[in-house]
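A.B. asks:
2 protein chains.
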Amino acid sequence: MSDVDASGTLAEQLFHTLTEAILRGELAPGAKISEPVLAQRYGVSRGPLREALHRLQERRLIVRSANHGARVVEPTPQMLASIFAVRETLEGLAAKEAATLMSDDELAALADGVRRHERELQDSEAGRHNALGKADEDFHFRIAQASQNPLLIDLLCNQLYPLLRLYRSRNDNSSLRQRALAEHKRVLSALCDRDPEMAELTMKRHIASAKVRRTMALQTCSLSKSET
Amino acid sequence: MSDVDASGTLAEQLFHTLTEAILRGELAPGAKISEPVLAQRYGVSRGPLREALHRLQERRLIVRSANHGARVVEPTPQMLASIFAVRETLEGLAAKEAATLMSDDELAALADGVRRHERELQDSEAGRHNALGKADEDFHFRIAQASQNPLLIDLLCNQLYPLLRLYRSRNDNSSLRQRALAEHKRVLSALCDRDPEMAELTMKRHIASAKVRRTMALQTCSLSKSET
DNA sequence: AAGAGAAACTCTGTCGACAGATTAGCTGTA
DNA sequence: TACAGCTAATCTGTCGACAGAGTTTCTCTT
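Just so you know, the sequences run in chain order A and B. Taking the working numbering, the leading residue of the first sequence gets 75, the next gets one more, and so forth. Taking the working numbering, the leading residue of the second sequence gets 75, the next gets one more, and so forth.
Have a look at this one:
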């Protein structure tokens with residue numbers, strides 16, 4: 075059932091396990107985190123658990139207040155907007171750098187990924203959406219890596235992308251997915267041309283349009299909920 | 075001697091205290107962090123200390139490896155370049171947003187800060203450099219706040235600015251400081267004009283030129299050191 | 001019956017102690 | 001004298017336990 079992280083310490087394993095649990099929704103947004111309960115669930119003591127929780131706090135996945143305990147962070151439209159504003163500039167930077175720094179092998183791999191993405195989109199018109207989400211994340215992940223900027227890579231891959239998964243919805247139709255794929259192709263094209271400015275521009279446009287898609291999905295999704 | 079953080083938990087206090095200790099150089103870059111030693115120095119047990127260390131790890135101020143302990147992060151020219159590349163885009167974004175969102179009061183306060191900065195630069199030609207560094211950080215801090223983007227504010231004020239202090243040098247002369255002040259005035263001017271694009275451009279230029287200054291200072295500073 | 005107050009319970013924050021791993025130092029040999 | 005191997009000391013990772021703060025529940029009063 076649960077994959078075993080073979081990472082050294084218990085605190086490290088817990089950190090990854092809890093991250094995944096939150097991002098998969100197993101720990102619901104806004105849910106209170108009881109240290110005794112979680113410690114028993116994962117068969118560890120509260121020591122390593124608390125260490126993992128302090129890291130999750132820095133990653134903005136949980137909110138802690140002294141003597142009151144921790145809660146899973148609650149996604150808000152405002153935070154979604156914040157994330158996308160930051161993401162637009164950072165991914166723009168990554169694409170710009172990637173245009174000059176990406177090796178031919180990396181470019182080929184990226185193109186392969188896009189082709190696979192397209193095939194999956196055609197094959198299963200309403201099939202496994204997991205693979206499609208993975209394909210999208212893979213595209214952005216590769217470009218971030220290609221920037222060769224350690225801080226940028228870390229901010230995108232370890233902070234922003236996980237946060238975004240909190241907002242991921244399953245109800246975007248295939249026409250929207252087609253648009254996203256077309257935008258990926260445009261970015262890829264700019265990268266193949268080794269055109270930094272065009273790569274930056276197409277990427278920023280792609281993120282901006284993804285923001286619109288995500289925001290709409292969030293609104294239609296939260297029609298059934300009320301406010302605090 | 076040591077300011078007393080009145081924040082709730084010991085782990086929280088330790089987190090801030092250790093952050094300051096690292097940024098002031100009291101804990102030297104590359105120095106090994108001994109949990110028993112630190113725990114005794116601050117009069118706490120290892121529990122809260124370890125929780126603070128895990129947060130510092132996420133903030134990139136220390137590096138931990140399993141069963142080997144933690145070390146204060148060592149500044150490298152590559153990381154300095156990474157920070158400035160990210161900072162340029164993020165502060166550009168902050169300035170762009172601030173141009174439309176900043177209230178008149180906030181603008182007046184920012185202008186006040188710049189005037190005070192200028193006075194201090196004239197008064198003490200070779201005086202207290204602390205106040206000058208504070209004035210510079212204050213300028214960027216205010217603009218970040220004005221963006222009203224929580225994630226952006228947090229990334230800049232709590233992650234990038236602290237990291238940058240690891241590279242701060244005391245040997246930049248007053249001619250360089252004059253240039254920085256002139257650039258601040260240009261940004262301020264664009265903000266007063268409510269011109270987002272100009273604000274973004276002038277800020278990005280300012281950061282780029284600060285990068286050059288800082289990199290030069292780092293090179294001249296590290297002439298006396300050797301590599302590992 | 002509704003609300004204020006007190007008591008009991010639960011939880012978080014903190015500490016001291018043990019076990020495995022790592023490092024430093026010592027011994028013996030080539 | 002230099003180096004390999006072993007031993008001892010130290011440190012990190014983990015656990016269980018205690019104390020104060022917070023929450024819930026029950027009771028007593030109006």
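The beta-carbon is built from N, C-alpha and C at its ideal position, and this holds for glycine as well. A quick note: this is a predicted structure, and the numbers were derived from the prediction, not measured.
1) For a cutoff of 8 angstroms on Cβ pairs, would you count residue 149 of chain A as touching chain B?
2) Among all the DSSP beta bridges, which residues are the ones paired with residue 139 of chain A?
3) Within the 8 angstroms Cβ cut-off, does residue 82 of chain A reach chain B?
4) On the DSSP letters alone, give me the boundaries of the alpha helix (DSSP H) that residue 235 of chain A sits inside.
5) Which residue's Cα is closest to the Cα of residue 233 of chain A: A:87, A:93, A:85?
6) Whose C-beta lies closer than 6 angstroms to the C-beta of residue 285 of chain A among residues of the same chain, with five residues either side of it excluded?
7) Could you tell me if residue 88 of chain A is buried or exposed, where buried requires 16 or more neighbouring beta carbons within 10 angstroms of its beta carbon?
8) Nearest chain B C-beta to residue 129 of chain A closer than 8 angstroms, yes or no?
9) With 8 angstroms as the threshold, decide whether the Cβ of residue 94 of chain A is near any Cβ in chain B.
10) Using alpha carbons as the reference points, say which of A:102, A:194, A:213 lies closest to residue 180 of chain A.
11) Closest to residue 236 of chain B by CA distance: which of B:175, B:215, B:140, B:197 is it?
12) Taking Cβ positions only, does residue 156 of chain B come closer than 8 angstroms to chain A?
13) Whose C-beta lies closer than 7 angstroms to the C-beta of residue 260 of chain B among residues of the same chain, with five residues either side of it excluded?
14) Run the CB neighbour count on residue 75 of chain A, radius 10 Å, all protein chains shown included, and call it buried at 16 or more, exposed below.
15) Would residue 226 of chain B and residue 156 of chain A qualify as a contact pair, given that the criterion is a beta-carbon distance under 8 angstroms?
16) Provide the residue(s) that pair with residue 107 of chain A in DSSP beta bridges, ordered along the chain.
17) Taking DSSP as the reference, what is the three-state secondary structure of residue 149 of chain A?
18) Let me confirm a value: residue 166 of chain B is counted as buried when at least 16 other C-beta atoms fall within 10 Å, else exposed. Which label applies?
19) Taking 7 angstroms as the limit between beta carbons, can you name the residues of its chain near residue 113 of chain A, skipping five residues before and five after?
C.D. replies: Based on what the coordinates show:
1) For the purposes of this step, residue 149 of chain A is taken as the residue at position 75 of the first sequence. No, because no Cβ of chain B sits closer than 8 angstroms to the Cβ of residue 149 of chain A.
2) As a working note, residue 139 of chain A is residue 65 in the first sequence. Paired residues: A:143.
3) Your numbering for residue 82 of chain A matches position 8 in the first sequence. Closer than 8 angstroms: yes.
4) Taking the first sequence and counting its residues from 1, one reaches residue 235 of chain A at position 161. Element bounds for residue 235 of chain A: 235-239.
5) The count along the first sequence starts at 1 and reaches residue 233 of chain A at position 159. Of the listed residues, the one whose Cα sits closest to residue 233 of chain A is A:93.
6) For this step, residue 285 of chain A is matched to residue 211 along the first sequence. Answer for residue 285 of chain A: 158, listed in chain order.
7) Here residue 88 of chain A corresponds to residue number 14 of the first sequence, with the count starting at 1. That one is buried.
8) Your numbering for residue 129 of chain A matches position 55 in the first sequence. Output row for residue 129 of chain A: interface = yes.
9) Translated into the one-based positions of the first sequence, residue 94 of chain A becomes position 20. For residue 94 of chain A, the answer is no, since every Cβ of chain B falls outside 8 angstroms of its Cβ.
10) Position 106 of the first sequence, counting from 1, holds the residue named residue 180 of chain A. Checked all of A:102, A:194, A:213; the closest Cα to residue 180 of chain A is A:213.
11) If you number the second sequence from 1, residue 236 of chain B lands on position 162. When only C-alpha atoms are compared, the closest one is B:215.
12) Here residue 156 of chain B is taken as the residue at index 82 of the second sequence, counted from 1. Cβ-Cβ to chain A under 8 angstroms: yes for residue 156 of chain B.
13) Numbered from 1 along the second sequence, position 186 holds the residue referred to as residue 260 of chain B. Same-chain partners within the cutoff: 276.
14) Position 1 of the first sequence, counting from 1, holds the residue named residue 75 of chain A. The pLDDT assigned to residue 75 of chain A is 41, lower than 50, so where the model puts this residue is not dependable; a value taken from the coordinates is nonetheless given after this. Result: exposed.
15) Mapped onto the second sequence, residue 226 of chain B falls at position 152. Mapped onto the first sequence, residue 156 of chain A falls at position 82. In contact: residue 226 of chain B and residue 156 of chain A (Cβ atoms closer than 8 angstroms).
16) Position 33 of the first sequence, counting from 1, holds the residue named residue 107 of chain A. According to DSSP, residue 107 of chain A bridges with A:144.
17) As a working mapping, residue 149 of chain A is identified with position 75 in the first sequence. DSSP places residue 149 of chain A in coil when its eight states are reduced to three.
18) Taking the first residue of the second sequence as 1, we reach residue 166 of chain B at position 92. The residue is buried, with at least 16 neighbouring Cβ atoms inside 10 Å.
19) On the first sequence, residue 113 of chain A is found 39 positions in, with the first residue counted as 1. Result list for residue 113 of chain A: 119, 120, 123, in chain order.
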